[in-house]
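The structure under discussion appears below in the form of structure tokens.
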Amino acid sequence: MFWNIALRTLLSDRGKLLAGLVGVIFSVVLVNIQGGLFFGLLHKASLLVDHSNADIWVGHRGMHNVDFPHHIPEHWIHRVRSIPGVAQAEPMRIYFSEMSLPNGDFEGVMVVGLKEGASLGRAYKITEGPEDGLSYTDGVVVDQCDDQKLSYPEIGETREIGGRRVQIAAKCYGILSFLVTPYVFTTYDRAVDIADGDPSMASYFLIRVAPGIDRESVCEEIRRRLGDVTAMTSEDYAATSVKFWMTRTGIGLSFGAATALGLLVGLVMVGQTLYAMVLDRISEFATLKAMGSTEREIVLLLTAQSALVAVVGICIGLVLTFVIQAILSTPRAAIDIPVFLYFTSAALVLSICLFASTLPYLRVRSVDPHSVLQG
Amino acid sequence: MPANQTTGMPQAMPYFQAVASNSMNRKSNADIAGEEDHRVLLATNICKSYSIGGEPRRVLDDVDFHTYAGEMVFLCGPSGSGKSTLLSILGCLLECDSGEVWIDNRRVDQLSVSERTNVRRRNIGFVFQRFQLIRGLNAEDNVAVPLTLQGVSLNDARERSGELLSRVGLGLHRKQQPNAMSPGQCQRVALARAVITAPRLLLADEPTAALDGKSGNEVMELLAELVADTGSATVVVTHDPRILGYADRVCEIENGQFK
Ligand SMILES: Nc1ncnc2c1ncn2[C@@H]1O[C@H](COP(=O)(O)OP(=O)(O)O)[C@@H](O)[C@H]1O
Ligand SMILES: [Mg+2]
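Chains A and B supply the protein sequences, listed in that same order. All residue numbers for the first sequence refer to this note's numbering, where the first residue is 15 and numbers rise by one. All residue numbers for the second sequence refer to this note's numbering, where the first residue is 108 and numbers rise by one.
Structure below.
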């Protein structure tokens, strides 16, 4: 009967029910989309590493962010290659530079230089133009998602980076940096040329280990033999790069604050709805009490009501989240919602709703049937 | 028609059969008059003060009261004379400052809150001036609530409530929402809800005050019939002189004391 009362009285207050549902849906969608944007953004901090196909990244001692390398002598790679368990090692270069735009403006870019034909570090997949674009004279690969920033470069178009001629040979899709700076992929040698760097230096060595070899012990050995380098597994370097932006920018705090604010609004809406419903029915609760409902049953009734509102709202909210994610998620503003976030947000909103029902409960608790039922 | 038709054992209606065993003493007033054992309700030396603006104001001053099973007693008196207060004390909704309240030979005024709740659930039916039906529940479910509070399953409760609604002339309105019914119909639903458990004690506070004369009379007529069926000791608070004819006994209260 209590479910019956809970459900039917809820349904008979359609307007308020709707307001409560909107509150819950709002909270769920907000938490998931905010969280998704947050994780999507963070993910960009490690895209190069995630898609590098390497087991181990070696860079200057203290390397902390894939986009900001400190260069190391390229010839050290021979010492790395001689370490047992290292199956393959390739150097990679990353430089900041500027691309000139047709209207005379400049756009900062991150030039990523890879050994031709190397399978390591090639984070991109060609989606437009020839597969072997980099073997073209002055060839570079840019990302379609950066089209707007780079003033819509055409395939075959000639541009200048760092004062050197380059040709847009091909385009990839979805490899973006955490910064606003677009990645421009080119060959290892051309990169140093374009950026006017030191040809004896490399930014990183990317390593694949032989099957069955423990990557940690290889890292250990590399550090031991080269001294002045840091060697990390790809997962560790991805996490380190993410952590760099997390701690240096405080985006965790700002996203978290926005999300908490959204939850708060949801909480207030749900609490206010339940409270308004109860206020409206205070004499009915008094009647139930007069007829011999126990405190426990009243608590159960209110809890059941907020749980109902919460569960229905959460379900609708999650569906809405899927829809919004499907429609709005792009590589530039990726909405990456980890599975745990769905569950966490649902649990969080449910507990908030249950918490919100204590307010109306306190009101009902203080009801004295004698005074309410008079006249 | 006054409710003095309780001659001999009333016919137990089917919806009361399940609870017939806990209301054995359904004798007529004539039979039980003078037999103290059959007083369902006994209140002695009841005093009650409210503090209004920090000053205590005595509302009930050493009141004695009792009712027998099947008896319908009216509490009359001017507004503010303490009728509702007395009714709430009798109905275990309010604690008195001093005095004793006994229901079915059990002292109830000193019980804990949860025990008093239990007494109300088991033994007392309430009728209110403003019906106090639960919006959103149809007539049948509203009437079924007290049964389910006693642990009857929802289906059984609905069945019995449906039968009782037919009995009070609302068989066709079972599935209707309270807000789709006239005040007279609502009060009949409320009456059905109050008696569905065949309570030992039935308390009604101004049950006709929100009704026009005609439906007021119908409601009182019905109340009298139902009380005859259930044998509940019944206390009706009213200041409506038109319905005094239904009383077995009228107690007049003024300034917190019986005249
Ligand atoms: N909860 C309360 N707090 C303070 N005063 C009250 C309360 N309930 C009733 N009273 C006062 O007690 C007096 C008797 O009230 P009541 O029992 O409702 O009388 P009646 O039902 O006969 O009109 C009134 O003066 C009323 O104002
Ligand atoms: Mg009154």
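No residue lacks a Cβ here, since even glycine has one placed at the ideal position from N, Cα and C.
In three-state DSSP terms, what is residue i?
i: Leu164(A); result: coil
i: Phe109(A); result: Before going on, a small fix: residue 109(A) reads as Tyr here, not Phe. Note: Tyr109(A) maps to strand in three-state DSSP.
i: Phe192(A); result: coil
i: Met124(A); result: strand
i: Ser320(A); result: helix
i: Tyr289(A); result: helix
i: Val252(B); result: helix
i: Thr66(B); result: Because chain B spans 108 through 366 in this model, residue 66(B) falls outside it and cannot be assessed.
i: Met283(A); result: helix
i: Ala331(B); result: helix
i: Val43(A); result: helix
i: Gln388(A); result: coil
i: Phe269(A); result: helix
i: Leu115(A); result: coil
i: Gln364(B); result: strand
i: Thr192(B); result: helix
i: Met131(B); result: In this predicted model, Met131(B) has a pLDDT of only 40, less than 50, meaning its place in the structure is not dependable enough to derive any value.
i: Gly153(A); result: strand
i: Val38(A); result: helix
i: Leu334(A); result: helix
i: Gln257(B); result: coil
i: Gly141(B); result: Residue confidence for Gly141(B) is low, a pLDDT of 45 falling below 50, so the modelled location carries little weight; the figure read from the coordinates is stated next. Residue state, collapsed to three classes: coil.
i: Ser158(B); result: strand
i: Arg274(B); result: helix
i: Arg178(A); result: strand
i: Thr106(B); result: Chain B is shown from 108 up to 366; residue 106(B) falls before or after that span and cannot be answered.
i: Tyr138(A); result: coil
i: Glu359(B); result: strand
i: Pro163(B); result: strand
i: Val381(A); result: coil
i: Leu149(B); result: strand
i: Leu200(B); result: coil
i: Ser26(A); result: helix
i: Ser371(A); result: coil
Assuming residue i and residue j form a contact by the criterion Cβ under 8 Å, report the distance between their Cβ atoms to the nearest whole angstrom.
i: Val299(B); j: Gln236(B); result: Val is not the amino acid found at residue 299(B); the sequence shown has Ala there. With a Cβ gap of about 17 Å, Ala299(B) and Gln236(B) do not count as contacting.
i: Lys129(A); j: Tyr197(A); result: At roughly 17 Å, the Cβ-Cβ gap does not stay under 8 Å, so Lys129(A) and Tyr197(A) are not in contact.
i: Ala300(A); j: Val381(A); result: 5 Å
i: Leu180(B); j: Arg307(B); result: The sequence given here has Val at residue 180(B), not Leu. That pair is no contact at about 14 Å.
i: Val9(A); j: Thr335(A); result: Limits of chain A in this structure are 15 at one end and 389 at the other, which puts residue 9(A) out of reach.
i: Ile39(A); j: Gly327(A); result: 5 Å
i: Gln294(B); j: Phe238(B); result: 6 Å
i: Arg345(A); j: Cys186(A); result: Arg is not the amino acid found at residue 345(A); the sequence shown has Pro there. About 10 Å separates the two Cβ atoms, so there is no contact after all.
i: Gly306(A); j: Leu200(B); result: So it is not a contact: roughly 11 Å between Cβ atoms.
i: Gly147(A); j: Met106(A); result: About 18 Å; that fails the 8 Å criterion.
i: Asn67(A); j: Ser111(A); result: So it is not a contact: roughly 25 Å between Cβ atoms.
i: Thr345(B); j: Glu313(B); result: 6 Å
i: Ser41(A); j: Gly276(A); result: 6 Å
i: Ser191(A); j: Lys58(A); result: 6 Å
i: Ser221(B); j: Val250(B); result: That pair is no contact at about 25 Å.
Checking contacts by CB at 8 Å: is residue i closer than that to chain D?
i: Phe233(B); result: The chain labelled as chain D is not found among the protein chains of the depicted structure, namely A and B.
With three or more beta-carbon pairs closer than 8 Å as the criterion, would you say the region 22 to 42 of chain A touches the region 281 to 297 of chain A? yes
Note down, one range per segment and in chain order, each beta strand (DSSP E) of at least 3 residues found wholly within the region 207 to 248 of chain B. 231 to 234
Residues near ligand 1, CB to any non-hydrogen atom under 6 Å, in chain order? Ser385(A), Gln388(A), Tyr157(B), Ile159(B), Val166(B), Gly184(B), Ser186(B), Gly187(B), Ser188(B), Gly189(B), Lys190(B), Ser191(B) and Thr192(B)
Check whether the region 266 to 285 of chain B touches the region 244 to 252 of chain B, counting contact only when three or more Cβ pairs, one atom from each stretch, lie closer than 8 Å. yes
Would the region 153 to 167 of chain B and the region 283 to 298 of chain B be scored as touching if the rule is three or more Cβ pairs under 8 Å? no
Count the C-beta pairs between the region 211 to 230 of chain A and the region 92 to 107 of chain A that are closer than 8 Å, then say yes if the count reaches three, no if not. yes
With three or more beta-carbon pairs closer than 8 Å as the criterion, would you say the region 205 to 214 of chain A touches the region 166 to 173 of chain A? no
What are the uninterrupted segments assigned as alpha helix (DSSP H) that are 4 or more residues long and contained completely in the region 60 to 108 of chain A, given in chain order? 61 to 64 and 90 to 95
As an exercise, report each continuous beta strand (DSSP E) stretch of at least 3 residues that is fully enclosed by the region 178 to 259 of chain A, in chain order. 178 to 186, 197 to 201, 218 to 223 and 243 to 247
Touching by the beta-carbon criterion (3+ pairs, under 8 Å), the region 355 to 372 of chain A and the region 58 to 73 of chain A: no
Within the chosen definition, does the region 262 to 273 of chain A reach the region 339 to 354 of chain A through at least 3 CB pairs nearer than 8 Å? no
Give a yes or no on contact between the region 308 to 315 of chain B and the region 330 to 343 of chain B, applying the rule of three or more CB pairs nearer than 8 Å. yes
Would you call the region 115 to 122 of chain A and the region 139 to 146 of chain A touching, i.e. three or more CB-CB distances under 8 Å? no
With three or more beta-carbon pairs closer than 8 Å as the criterion, would you say the region 238 to 256 of chain A touches the region 77 to 87 of chain A? yes
Quick check: the region 215 to 231 of chain B against the region 350 to 359 of chain B, are there 3 or more CB pairs under 8 Å? no
Per the contact definition of three or more C-beta pairs closer than 8 Å, is the region 312 to 324 of chain A in contact with the region 46 to 60 of chain A? no
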